[in-house]
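Undergrad: Just so we're aligned, residue 1 is where the sequence shown starts under the UniProt record's numbering, counting upward by one. Take a look at the following structure, please.
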Amino acid sequence: MKNALSGLLDIELTAGNGVPLSRQLCDQLRDAILSGRLPTGYQLPSSRAIADYFHIARNTVSSAIDQLTMEGFIDVAQGRKPVITDLPKRALSSDRKMNAANAPDRTARSKWALRISDSDWPFAGEPRAVPFMPGLADPREFPHDLWARCLRSAARRVKMTPALGTVNRQGLQVALLQHLEQFRGVRAAPSQVIVTPSAQAALELISRLTLNVGDLAWVENPGYRGARAAIESVGARIEGVNVDASGLNFEGRTDLPQAIFVTPSHQYPTGVLMPVARRQALLRLASSVGAVIVEDDYDSEFHYDGRPVAALQSLDVMGNNVFYVGTFSKATYADIRVGYAVVPAWLARTFEQAQRHTGQIVSATVQDGLAEFINEGYFVSHIRKMTRIYRSRRDHLVMSLRRELGDILKVDSPAGGMQMLIRFNEYVDDNALSARLGAAGVIGRALSRHCIDCDLRGLFIGFAAWNVQELDHGVHVLASELRANPALR
Ligand SMILES: Cc1ncc(COP(=O)(O)O)c(C=O)c1O
């Protein structure tokens, strides 16, 4: 018996660790077979003997053996003891765990895989959810109970609905469009509203559907790295177009893009607003060269001073050129994972096809829940509440930055959104400062990381997700780092 059990000596079962004993036994036997420790032809002891050996119930052993028999690792002929099957050599490996030595060569990966594994976006080394993280909403203030109620009633309705396989739920298309018409002046038919798992997914799909390998896309410089990532994923060329006090400054350019990515209502990251004359010039340029415009209206819900300017999409009278992109992750909470695009009618059907081809589809329950959340008025009242809260946080942060560090930096109070840009009175190595802040548990994103070959320096910081004490802590850390390290300047 001792001999027959020798193949099982490495197996260790732990009661009460949350994993059923039969599952532990099954997994460890499978590992032993795959690693060759239990060789082909090895005859396992009877299930009674195994049960006695491990002090477990015989049923537990039988269920592990049954599972491995079903998977083809073990043969159980009538009345005989179980035997390890003869597996093809390739299936066996002495160490199944991947390690650098046996991982496939880098060249076995696609060019895109190589590009994204070498990319520093999303910004590597940034701590998550610590003060000043840009673009983050405050989930503590979200009405989770009301949201749960909407989700619950959407989930209940699924019982009554046969699986329709709808990609974009009409209820949400209508509700969202009404909201966008009222607050952003967006003009479209409900079928042009595409619901995606994030704004990033919308940017990615738009890039795929409007750009070919080698095509030229303009992006703002400095600008949103996510837009660059989406364009790069299709292998198009990127040209950074400088941003001035009126946004994208394309005057005098002779290169002709196929797509132009802009954040006209609150330029990312400078916060400037593109005035109507520049918007019209951009639309004229796009239609004269046959380019599409991708309008990323990522945080347009929050306006603190004066009335917001309508979306660029509303000026596209023929409705042919502008793809309007937005997200719920700012106006609700980051992990809700719902974004959207309002696309020109001529591409709406193809867009839906693309969603099917790539699986960029949001759960019908979440879509229906969101429609209810909007229709019941919860969405707008949450935005109103957060606008009040964010405005006071913005004011507090601007005031304390000016009070504590007015001799070193400049900060303009942003008219909207969730983040602000700090510029310095003299040279500051923004990357080095950002790294020091990260080590101290605060995010200050270096402006230079948003640049393509430009020498802008500054810090991009968020104020929305942080209460007054957390903001004060962030200012305190920033002040200590800046004052203690004159070498950064
Ligand atoms: C300018 C801009 N566009 C798009 C997004 C992406 O939003 P989502 O989280 O829905 O992908 C962000 C998020 O920070 C953003 O700042």
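C-beta: ideal position from N, C-alpha, C; glycine also. Here the structure is a predicted model, which means the values were calculated and not measured.
Could you tell me the alpha carbon to alpha carbon distance between Phe373 and Pro275, rounded to whole angstroms?
TA: Looking at the two C-alpha atoms, the distance is approximately 33 angstroms.
Undergrad: List the residues that DSSP assigns as beta-bridge partners of Lys410.
TA: In DSSP, Lys410 forms a bridge with Arg423.
Undergrad: By Cβ distance, which residues of its chain are closer than 7 angstroms to Arg149, with the 5 residues on each side in sequence left out?
TA: For Arg149, where only same-chain residues beyond five positions count, there are no Cβ hits under 7 angstroms.
Undergrad: Between the beta-carbon of Val292 and the beta-carbon of Thr365, is there less than 8 angstroms?
TA: No, they are not a contact pair.
Undergrad: Tell me where the beta strand (DSSP E) around Gly462 begins and ends.
TA: Run containing Gly462: 459-462, per the beta strand (DSSP E) assignment.
Undergrad: Can you give the Cα-Cα distance for Arg184 and Gly18, rounded to whole angstroms?
TA: Each residue's alpha carbon lies about 51 angstroms from the other.
Undergrad: With a threshold of 7 angstroms (Cβ to nearest heavy atom), would Thr263 be considered close to ligand 1?
TA: Yes, ligand 1 has a heavy atom inside 7 angstroms of this Cβ.
Undergrad: Excluding the five sequence neighbours on either side, which residues of its own chain have a C-beta within less than 6 angstroms of the C-beta of Val213, listed in chain order?
TA: Closer than 6 angstroms at the Cβ level, and outside the excluded window around Val213, lie Gly235.
Undergrad: Might you give, ordered along the chain, the residues of its own chain that have their beta carbon closer than 6 angstroms to the beta carbon of Met1, omitting 5 neighbours on each side?
TA: Its pLDDT being 43, under 50, Met1 is placed unreliably by the model, and nothing is read from it.
Undergrad: Flag this pair as yes or no: are the beta carbons of Thr270 and Tyr298 separated by less than 8 angstroms?
TA: Cβ distance not < 8 angstroms, so Thr270 and Tyr298 don't count as in contact.
Undergrad: Could you round the C-beta distance between Gln267 and Val243 to whole angstroms and report it? I think they count as a contact, below 8 angstroms.
TA: Indeed they touch by this definition, with Cβ atoms about 6 angstroms apart.
Undergrad: Can you tell me whether Asn198 sits near ligand 1, meaning its C-beta is under 7 angstroms from at least one heavy atom of the ligand?
TA: A small fix is needed here, since residue 198 is Ser in this sequence, not Asn. The answer is yes for Ser198.
Undergrad: Quick one: any contact between the segment 339-348 and the segment 320-329, if contact means 3 or more CB pairs under 8 angstroms?
TA: Verdict: yes, contact present.
Undergrad: What are the start and end residues of the beta strand (DSSP E) that includes Arg323?
TA: The question names Arg, but residue 323 is Phe in the sequence shown. 322-327 is the extent of the beta strand (DSSP E) around Phe323.
Undergrad: According to DSSP, is residue 541 part of a helix, a strand, or is it coil?
TA: With the chain running from 1 to 489 in the structure shown, residue 541 is simply not present.
Undergrad: On the DSSP letters alone, give me the boundaries of the beta strand (DSSP E) that Arg349 sits inside.
TA: Careful: Arg349 lies outside any beta strand (DSSP E), inside the alpha helix (DSSP H) at 345-358.
Undergrad: Starting from Arg384 and walking both ways along the alpha helix (DSSP H), at which residues does that stretch end?
TA: That run of the alpha helix (DSSP H) goes 378-405.
Undergrad: Decide if the segment 21-29 is in contact with the segment 53-62; the criterion is three or more beta carbon pairs, one per stretch, under 8 angstroms apart.
TA: With a cut-off of 8 angstroms, the segment 53-62 and the segment 21-29 count as touching, because enough Cβ pairs lie within range.
Undergrad: Could you check if Met386 is buried or exposed, using at least 16 other CB atoms within 10 Å of its CB as the buried criterion?
TA: So Met386 counts as buried.
Undergrad: Considering only the beta carbon of each residue, do Ala432 and Leu488 sit closer than 8 angstroms?
TA: Yes, Cβ-Cβ distance for Ala432 and Leu488 is below 8 angstroms.
Undergrad: Is Tyr340 near ligand 1 - that is, is its Cβ less than 7 angstroms away from at least one heavy atom of it?
TA: No, the Cβ of Tyr340 stays beyond 7 angstroms of every heavy atom of ligand 1.
Undergrad: Can you tell me whether His450 is buried or exposed? The criterion is at least 16 other CB atoms within 10 Å of its CB, across all chains shown.
TA: Answer is buried; the Cβ neighbour count reaches 16.
Undergrad: In this structure, does DSSP put Ile56 in helix, strand or coil?
TA: In this structure, Ile56 counts as coil in the three-state DSSP scheme.
Undergrad: Which of helix, strand or coil does DSSP assign to Asp118?
TA: Here Asp118 sits in helix by DSSP.
Undergrad: Starting from the N-terminal side, write out each stretch of the alpha helix (DSSP H) that is 4 residues or longer and does not extend beyond the segment 164-243.
TA: 170-184, 199-210, 225-233, all fully within the segment 164-243.
Undergrad: Tell me whether Phe373 sits in a helix, a strand or coil according to DSSP, three-state version.
TA: Helix, per DSSP.
Undergrad: Quick one: what's Ala281 bridged to in DSSP?
TA: The partner list for Ala281 (beta bridge, DSSP) is empty, contrary to what the question assumes.
Undergrad: Hey, would you say the C-beta of Tyr333 is under 7 angstroms away from at least one heavy atom of ligand 1?
TA: No, the beta carbon of Tyr333 sits no closer than 7 angstroms to any heavy atom of ligand 1.
Undergrad: Taking the alpha carbon of Tyr378 as the point to measure from, which residue in Asp145, Glu12, Leu38, Leu87 has its own alpha carbon closest?
TA: Of the candidates Asp145, Glu12, Leu38, Leu87, the one whose C-alpha sits nearest the C-alpha of Tyr378 is Asp145.
Undergrad: Suppose contacts are defined by Cβ-Cβ distances below 8 angstroms. Is Pro131 in contact with His473 by that definition?
TA: Yes, these two residues count as a Cβ contact at 8 angstroms.
Undergrad: Who are the near neighbours of Glu426 in its chain, counting only those whose CB is closer than 6 angstroms to its CB and skipping five residues on each side?
TA: Excluding positions up to five away in sequence, the list reads Arg489.
Undergrad: Taking C-alpha atoms, which residue in Gln170, Arg48, Gly135, Asp120 lies nearest to Ala465?
TA: For the residues Gln170, Arg48, Gly135, Asp120, the minimum Cα distance to Ala465 belongs to Gly135.
Undergrad: Measuring alpha carbon to alpha carbon, tell me which of Val186, Gly306, Asp430, Trp346 ends up nearest Ser314.
TA: It is Val186 whose Cα lies nearest to the Cα of Ser314.
Undergrad: Looking only at its chain, what residues have a beta carbon closer than 7 angstroms to the beta carbon of Ile408, apart from the 5 residues adjacent to it on each side?
TA: Cβ within range, chain order: Phe424, Asn425, Leu482.
Undergrad: How far does the alpha helix (DSSP H) with Gly33 in it reach, from first residue to last?
TA: A quick correction: the sequence has Ile, not Gly, at residue 33. 21-34 is the extent of the alpha helix (DSSP H) around Ile33.
Undergrad: Straight-line CA distance for Ser198 to Gly125?
TA: When rounded, the distance between both Cα atoms is 23 angstroms.
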